[in-house]
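Working notes for the structure below.
There are 2 protein chains.
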Amino acid sequence: MARVPVVNVGGVLLVSIQDELVDDSVAELQQHLTEQVVAQRARGVLIDISVLDVVDSFLARTLHDIAAATSLLAAQTVVVGMRPAVAITLVELGLMLPGLRTALSVDDGLALVGHGTARP
Amino acid sequence: MARVPVVNVGGVLLVSIQDELVDDSVAELQQHLTEQVVAQRARGVLIDISVLDVVDSFLARTLHDIAAATSLLAAQTVVVGMRPAVAITLVELGLMLPGLRTALSVDDGLALVGHGTARP
Chain F
1 MARVPVVNVG
11 GVLLVSIQDE
21 LVDDSVAELQ
31 QHLTEQVVAQ
41 RARGVLIDIS
51 VLDVVDSFLA
61 RTLHDIAAAT
71 SLLAAQTVVV
81 GMRPAVAITL
91 VELGLMLPGL
101 RTALSVDDGL
111 ALVGHGTARP
Chain D
1 MARVPVVNVG
11 GVLLVSIQDE
21 LVDDSVAELQ
31 QHLTEQVVAQ
41 RARGVLIDIS
51 VLDVVDSFLA
61 RTLHDIAAAT
71 SLLAAQTVVV
81 GMRPAVAITL
91 VELGLMLPGL
101 RTALSVDDGL
111 ALVGHGTARP
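These protein sequence lines are chains F and D, in that order. Each residue of the first sequence is one higher than the one before, starting from 1 at the first, in the UniProt record's numbering. Each residue of the second sequence is one higher than the one before, starting from 1 at the first, in the UniProt record's numbering.
Written as structure tokens, this is what we have:
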């Protein structure tokens with residue numbers, strides 16, 4: 001997982017995707033994140049995709065699946081930093097990602113998952 | 001975008017469509033609005049279509065797509081000022097626009113997107 005570092009910021013796992021991921025890395029990320037949510041008793045997961053110009057259907061579905069899996073583990077996932085062009089492309093592809101929460105910035109995302117408050 | 005001015009009213013982008021748009025302008029509007037949501041950290045988008053006598057299927061779908069894209073960018077889109085005849089036509093065309101929020105007036109729309117409150 002060297003390519004996708006995960007940092008614990010006050011009980012929230014911050015994942016900054018650095019560049020286009022190959023499909024294997026995406027699947028690995030999903031497994032790693034869900035394990036870390038439990039291991040670190042994380043309240044939430046922020047996935048920063050601000051460097052991505054393109055989000056393909058596989059990554060989009062994985063983001064949705066990560067959010068669903070962490071939700072089952074009582075943690076919220078928020079995707080932050082989506083570019084406007086990526087949003088338009090996702091809509092054109094019909095990938096509306098229901099249930100996936102988004103925020104413009106890491107700060108907004110931290111506010112969404114209740115950063116600074118105790119895990120319920 | 002001279003034909004479709006976008007005004008920021010307390011963190012909400014207000015778009016007043018002035019006359020029938022050609023298809024190119026509609027696509028341009030979608031791109032411009034999503035970019036402005038991010039650039040201006042807008043909480044919501046109000047699209048005023050009160051001057052329109054007719055909403056064709058392309059514009060209707062674009063309104064829906066704008067709402068979906070801004071939703072991915074953590075902003076809500078509300079279409080305001082739809083005329084009764086337009087509503088009837090949209091239903092007859094089978095364009096129910098699921099997920100698209102509407103309000104009768106700009107004031108009602110601003111209330112819907114939580115105007116005056118801090119961005120969550």
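Glycine is no exception: its CB is placed at the ideal position from the N, C-alpha and C atoms.
- Close-in-space but distant-in-sequence residues of the same chain around A68/D (CB under 7 Å, 5 per side omitted): Closer than 7 Å at Cβ, skipping near neighbours: G99.
| query | Can L21/D and V106/D be called in contact, C-beta distance under 8 Å? | reply | Contact annotation: L21/D and V106/D have beta-carbon atoms that are not nearer than 8 Å.
- Checking contacts by CB at 8 Å: is T102/F closer than that to chain D? It does: the Cβ of T102/F has a partner Cβ on chain D nearer than 8 Å.
What does T34/D reach in chain F if we use C-beta pairs closer than 7 Å?
The contacting residues are P84, A87, I88.
Please classify R61/D: does DSSP put it in a helix, a strand, or coil?
-> Three-state DSSP puts R61/D in a helix.
Those runs of the alpha helix (DSSP H) which lie wholly inside the UniProt domain "STAS" (2-113) of chain F and span at least 4 residues:
Counting only unbroken stretches of 4 or more residues, the alpha helix (DSSP H) elements lying wholly within the UniProt domain "STAS" (2-113) of chain F are 23-39, 57-72, 84-92, 106-112, in sequence order.
Exercise. Could you tell me whether the Cβ of A60/D comes closer than 8 Å to any Cβ of chain F?
Key: Not a single C-beta of chain F is nearer than 8 Å to the C-beta of A60/D.
Excluding five sequence neighbours on each side, which residues of the same chain lie with their C-beta closer than 8 Å to the C-beta of V80/F? Around V80/F, the same chain offers L46, I47, D48, I49, S50, T102, A103, L104, S105, V106, D108, G109 as residues with beta carbons nearer than 8 Å, after the five sequence neighbours per side are excluded.
If you measure from the beta carbon of L97/F to each beta carbon in chain D, is any gap under 8 Å?
Yes, contact with chain D.
Check: Sorted by chain position, which residues of the same chain lie with C-beta nearer than 7 Å to G114/F's C-beta, five sequence neighbours on each side aside?
Finding: If we look at G114/F and ignore the five residues flanking it on each side, its Cβ neighbours are R43.
Report all residues from its chain with a CB closer than 7 Å to the CB of L95/F; omit the five preceding and five following residues, and keep chain order. For L95/F, same chain residues with a beta-carbon under 7 Å away, outside a window of 5 residues either side, are S57, A60 in chain order.
Beta-carbon contacts of Q36/D that lie in its chain and below 7 Å, excluding the five residues immediately before and after
Beyond the five residues adjoining it in sequence on each side, Q36/D comes within less than 7 Å, by CB distance, of V6, L13, A42 in the same chain, given in chain order.
With a threshold of 8 Å on Cβ separation, who are the neighbours of M1/D within its own chain once the five nearest residues in sequence on each side are excluded? Confidence is the limiting factor: at M1/D the pLDDT is only 42, short of 50, which leaves the residue's position unreliable and the question unanswerable from this model.
- request: Quick one: list the residues of chain D neighbouring V91/F, beta-carbon separation under 8 Å, in chain order.
  value: In chain order: D65, A68, A69, L72.
Review point. Quick one, are the C-beta atoms of L63/F and V86/F less than 8 Å apart?
Key: At a Cβ-Cβ threshold of 8 Å, L63/F and V86/F do not count as neighbours.
Taking G11/D as the reference, which of T77/D, V55/D, I17/D, L72/D has the closest Cα?
Of the listed residues, the one whose Cα sits closest to G11/D is T77/D.
Buried or exposed (CB count within 10 angstroms, at least 16 for buried), V9/D
With fewer than 16 other Cβ atoms within 10 Å, it is exposed.
**Study point:** Any chain D beta carbon closer than 8 Å to D56/F
**Key:** For D56/F, the closest Cβ of chain D is not nearer than 8 Å.
Using 8 Å as the limit for Cβ to Cβ distance, is D48/F near chain D? Not closer than 8 Å to any Cβ of chain D, the Cβ of D48/F fails to qualify, so no.
### Message
At the 8 Å Cβ level, is L53/F part of the contact set with chain D, yes or no?
### Response
In the sequence on display, residue 53/F carries Asp and not Leu. False, the Cβ-Cβ gap to chain D never drops below 8 Å.
Cα-Cα separation, L97/F to L72/D: Answer to the nearest angstrom: the Cα atoms are 8 Å apart.
Do D65/D and V54/F have their beta-carbon atoms positioned less than 8 Å apart in this structure? With contacts defined as CB atoms closer than 8 Å, V54/F and D65/D fail to qualify as a contacting pair.
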